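Number of protein chains: 2
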Amino acid sequence: MAIREKVFKEIGDCFKRHGAVTIETPIFELKETLTGKYGEDSKLIYDLQDQGGELCSLRYDLTVPFARYVAMNRVKQIKRYQIGRVYRRDNPIMTKGRYREFYQCDFDIAGEYDLMVPDSEALRLMVEILTQLQVGSFTIKLNHRKLLDGVFAISGVPEEKFRPISSAVDKLDKTPWAEVRKEMIEAKGLAPEVADKIWSFVSLNGAPREMMAKMNDEKLENNSMAKKAVEDLGVLFDYLECYGVLDKITFDLSLARGLDYYTGVIYEAVLTDGHQVGSIAAGGRYDDLVGMFSGERVPAVGFSVGVERIFAIMEEKINKSKEGMRTTQTDVLVASIDEGMLKERMKICKDLWDAGIKAELIPKANPRLPAQLKYADDNKIPFAIIFGGKEVENGVVQLKELATKQQDTVKRSELVAIIKQKLSSRA
Amino acid sequence: MAIREKVFKEIGDCFKRHGAVTIETPIFELKETLTGKYGEDSKLIYDLQDQGGELCSLRYDLTVPFARYVAMNRVKQIKRYQIGRVYRRDNPIMTKGRYREFYQCDFDIAGEYDLMVPDSEALRLMVEILTQLQVGSFTIKLNHRKLLDGVFAISGVPEEKFRPISSAVDKLDKTPWAEVRKEMIEAKGLAPEVADKIWSFVSLNGAPREMMAKMNDEKLENNSMAKKAVEDLGVLFDYLECYGVLDKITFDLSLARGLDYYTGVIYEAVLTDGHQVGSIAAGGRYDDLVGMFSGERVPAVGFSVGVERIFAIMEEKINKSKEGMRTTQTDVLVASIDEGMLKERMKICKDLWDAGIKAELIPKANPRLPAQLKYADDNKIPFAIIFGGKEVENGVVQLKELATKQQDTVKRSELVAIIKQKLSSRA
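Laid out in structure tokens, this is it:
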């Protein structure tokens, strides 16, 4: 949990750095709100039998509820972030009746803005977050839905098969081409030469500028949709260069993203250091989703950070380090030597808390000193106040810094000021 | 949401000041986990028909899931806090099929400790939080379950009626005695003289020390349970005096708290400034709850802050103030005068973000300057960077402080450093 809190704090700070506001949406949505938004993943939605009659589902992601919120509240422009839990029936047959609950951190810009300006900010922010979290080296695979559709058209895929074929292409990150090709031909009814023509495109990936050069060859023939998408990507790449993040992008024609609602640029961050954790952040443009609820078009772009995977990476790192991580932030343990000192410990704690200092006492009447110091040690508490009857008589306490073992006699009346000073010089 | 974030941050800081760790529990619990824990409020639990067979309920509070967590993980000692949403079918008949979802902030100390030491820290922390949040003047009504049971015994209530009569007493904060008396006699079958004897106790309330004097008269006769409870409260009051919060306590014999699981001291904070919002924080000791899950007794004490009510109070205050509250934290708007300046705005934003400065640009290619400055104004952004083609040529920008309207020409190469300095001198 301490790791989680740290990650949420850092991601939240990045969101705020870009002027985003946060909203909250309920855990539940009407079932119909989620229907038809997630393509083949729809089977993972967790439905509830509502006692009163309305059929509800647990939210599957934060994007569709956000779009519903924008539509319902007639919002015209918003830059929002949200950190919340979502629910997926992972492997629903094997683990019948079990739900999976996990966190997502989302950022979205909704509103009518100029071409690729919000898109480039979203990508810049994604890079900022992954850099800030020190997840390791990564790249953002990027593609454009309309370019992919153009590729399908050029290759001879009939339009009604665009989405199923897109789903097949989406598997290329985990499945070899031979297998995907088989699926396209046998399960989805493409002619072998159509499949092979698709492959001549989707096997292409590389640095954005080099890929642009390739795309501007005859390859795209006269498909205006694909040509327009490439043109738009050119604008995006210019902006990403201004934002200093173009080197983080891999233009990858095989990136398809499973979800139905994307309409433009799509992207997915993956680690390049050998970690096989899949994508750690992903997003894209979805211009029609809000309009599906309200009939009024509010274009939008955004992404989601897969924080659970990032937690795992961070935990691994912290476990490897000798220090470990503190679970509490306590600065001072108030300890006593002799019996009957509980009320005095309480009074000192009171003064520390009154001054906003993080302090604890062992909640026992007469704890032994070694047990108290062990507690401070185990919890990496930097300072201990130690006193017995003699100190109380003389109006002093011992102030011990545990790391250096330095111990000073301090006047009770000056204690709070001295601790404040020591803490601020450590910070 | 900005208010919520502020409240959560402040409450979280108070929890951390006392060395608490945070845990999370799922939104769902098995239905049986929640059964028999909430007395008459059980009808407000929101049940789910699980698709796979297990019957689940949404959590009704954070206490029972915490006890289940302690039991399941065989935790012996923990001081934990949790901020999370809970679910109650408020007025379930009127609003059939609707759930209510709201936040609670909980703090609990579980473990075998010395008499009243954790209890006094919990009460101290409750006072810290309510003081920190500036909710207005408040008092904490406090009672002891065993004293109340002793009172029932002395009054001649048969033991099997203790809980139903306790529920009736619990209504005294909203209902006049005559009505509660009627309920006791007509609905719950007490003799009138038994009811009146109860009233001779539960009508008592006042400052702790004065009440103790009253209790130590013959009133409690020879009921050892009640006498022990009063003795224990004496210890608690001593500790609360050490912690400097005894003056916040009202010893109120009519406080009953509806929930079944309390076994010792119980308390409830209410505003004394005329706000009729009910209790804004409440808690008590529940020594048997963990054992109900694991068979192993882990005594515990804790409280819950009713933050929704506090949000309402804060919102009212902020709406009354002229300033209002910022929804974003952006420090700098990067604005341009002439056309074709988008990329230059992007580059400046990049530099600011790289330096950790909260900055925004209007995501349009050629926004008008007045529209940009209006945005800064509306969002209370303190600084604006303004430039046109001439400034770019000369390697400068205008840096404007919006409140004072002071505008300086600043070298582009020194911009980030100057803004950092201005921001830190404002902080």
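Protein chains in written order, with numbering that gives the first Met the number 0: chain A, 0 to 426; chain B, 0 to 426. The beta carbon of each residue, even a glycine, is placed where N, CA and C say it ideally should be. Please read all numbers here as calculations on a predicted model, not as lab measurements.
Here's the rule I'm using: 16 or more other beta-carbon atoms within 10 Å means buried, otherwise exposed. How should T94 of chain A be labelled? Only weak support exists for where T94 of chain A lies, its pLDDT of 42 falling under 50; the value from the coordinates is given anyway. Under this definition T94 of chain A is an exposed residue.
Using only the alpha-carbon positions, how far apart do Y80 of chain B and I248 of chain B sit? Rounded to whole angstroms, the gap between the alpha carbons of Y80 of chain B and I248 of chain B is 23 Å.
Could you tell me which residues DSSP pairs with C104 of chain B in its beta bridges? Per DSSP, B:I82 and B:V304.
Could you work out which residue in A:V69, A:E400, A:E100 and A:A167 is closest to R425 of chain A when comparing CA atoms only? When A:V69, A:E400, A:E100 and A:A167 are compared, the shortest CA-CA separation from R425 of chain A is found for A:E400.
For my contact list, I309 of chain A and V134 of chain A are in at a C-beta cut-off of 8 Å; report their separation, rounded to the angstrom. So it is a contact: roughly 6 Å between Cβ atoms.
Measure the C-alpha to C-alpha separation of T24 of chain A and V6 of chain A and round it to an integer number of angstroms. Here the C-alpha atom of T24 of chain A lies approximately 21 Å from the C-alpha atom of V6 of chain A.
Let me see if you follow: with CB-CB separation under 8 Å, is W198 of chain B close to chain A or not? For W198 of chain B, no Cβ of chain A is located within less than 8 Å of the residue's own Cβ.
Quick one, which of B:D330, B:V179, B:G257 and B:I361 has its alpha-carbon nearest G355 of chain B's? Looking at the Cα atoms, B:D330 is the closest of the given residues.
Could you list which residues in chain A have their beta carbon closer than 9 Å to that of K328 of chain B, in chain order? Sequence inspection shows Gln at residue 328 of chain B; the Lys mentioned does not correspond to that position. Within chain A, the residues near Q328 of chain B are K15, R16 and G18.
For the beta strand (DSSP E) holding T156 of chain A, just list the boundary residues, first then last. Inspection of the sequence shows that residue 156 of chain A is occupied by Val rather than by Thr. Premise fails: V156 of chain A is in no beta strand (DSSP E) and is neither H nor E.
Please determine, among B:M125, B:V300 and B:I128, the residue with the shortest C-alpha to C-alpha distance to G110 of chain B. Per the Cα distances, B:V300.
Going by DSSP in three states, N72 of chain A sits in which element: helix, strand or coil? Of the three classes helix, strand and coil, the one that applies to N72 of chain A here is coil, per DSSP.
So who's on the other strand from H143 of chain A, going by DSSP bridges? Paired residue(s): A:V264.
In terms of residue numbering, what span does the alpha helix (DSSP H) encompassing L33 of chain B cover? DSSP places L33 of chain B in the uninterrupted alpha helix (DSSP H) bounded by K30 to L33.
How would you call L29 of chain A, buried or exposed, if buried means at least 16 neighbouring beta carbons within 10 angstroms? It is exposed - the Cβ of L29 of chain A has fewer than 16 other Cβ atoms within 10 Å.
When the cut-off is 8 Å and only beta carbons count, does G243 of chain B lie next to chain A? When Cβ-Cβ separations below 8 Å define contact, G243 of chain B makes contact with chain A.
F14 of chain A versus W176 of chain B: straight-line alpha-carbon distance, rounded: F14 of chain A and W176 of chain B: Cα-Cα distance of roughly 54 Å.
Starting from D376 of chain B, find everything on chain A with Cβ-Cβ shorter than 8 Å and list it in chain order. Simply none; closest approach about 14 Å.
Measuring only the C-alpha atoms, how far is V297 of chain A from S278 of chain A? Approximately 27 Å, taken between the alpha carbons.
In whole angstroms, what is the alpha-carbon distance linking M115 of chain B and L288 of chain B? Rounded to the nearest angstrom, the gap between the Cα atoms of M115 of chain B and L288 of chain B is 18 Å.
Which whole-angstrom value is the C-beta distance of F386 of chain A and I336 of chain A, which I expect to be below 8 Å? Confirmed, about 7 Å.
Exposed unless 16 or more other CB atoms sit within 10 angstroms - verdict on D251 of chain A: Buried: at least 16 other Cβ atoms inside 10 Å.
If we cut at 8 Å on Cβ distances, does A109 of chain B have a partner in chain A? For A109 of chain B, no CB of chain A lies under 8 Å from its own CB, so it is not counted at the interface with that chain.
Distance cutoff 8 Å, beta carbons only. Does G355 of chain B sit that close to anything in chain A? At least one chain A Cβ lies under 8 Å of G355 of chain B.
Going along chain A, which residues have a C-beta under 7 Å from A152 of chain B? Neighbours of A152 of chain B on chain A: none; closest Cβ ~30 Å, over 7 Å.
Below 8 Å, can you find three or more Cβ-Cβ pairs linking the region 367-381 of chain A to the region 310-318 of chain A? Contact fails: fewer than three Cβ-Cβ distances are below 8 Å.
Does the region 153-170 of chain B come close enough to the region 185-202 of chain B that 3 or more CB-CB pairs lie under 8 Å? Counting C-beta pairs closer than 8 Å gives three or more between the region 185-202 of chain B and the region 153-170 of chain B, which meets the contact rule.
Measuring alpha carbon to alpha carbon, tell me which residue in A:A416, A:V396, A:V415 and A:E413 is nearest D407 of chain A. Cα-wise, what sits closest to D407 of chain A is A:V396.
Determine whether the Cβ of I128 of chain B lies closer than 8 Å to any Cβ atom of chain A. I128 of chain B does not count as touching chain A.
Check for me: the beta strand (DSSP E) holding L57 of chain B runs from which residue to which? L57 of chain B: member of the beta strand (DSSP E) spanning C55 to L57, first to last residue.
Flag this pair as touching only if the region 207-224 of chain B and the region 182-192 of chain B have three or more C-beta atom pairs under 8 Å; answer yes or no. Output reads no: the region 182-192 of chain B does not touch the region 207-224 of chain B.
Span of the beta strand (DSSP E) around Q397 of chain A: Counting along the chain, the beta strand (DSSP E) containing Q397 of chain A begins and ends at V395 to E400.
Applying the criterion that 16 or more other CB atoms from any shown protein chain within 10 Å of the CB defines a buried residue, is L54 of chain B buried or exposed? Looking at its Cβ environment, which holds fewer than 16 other Cβ atoms inside 10 Å, L54 of chain B is exposed.
Coarse secondary structure for D286 of chain B, derived from DSSP in three states: It is coil, neither helix nor strand.
So if DSSP puts L332 of chain A in a beta bridge, which residue, or which two residues, is it bridged to? A:E359 and A:A383, per the DSSP bridge assignment.
Just mark E343 of chain A as buried or exposed, buried being the case when its beta carbon has 16 or more other beta carbons within 10 Å. A residue is called buried once 16 or more other Cβ atoms fall within 10 Å of its Cβ, and E343 of chain A is buried on that count.
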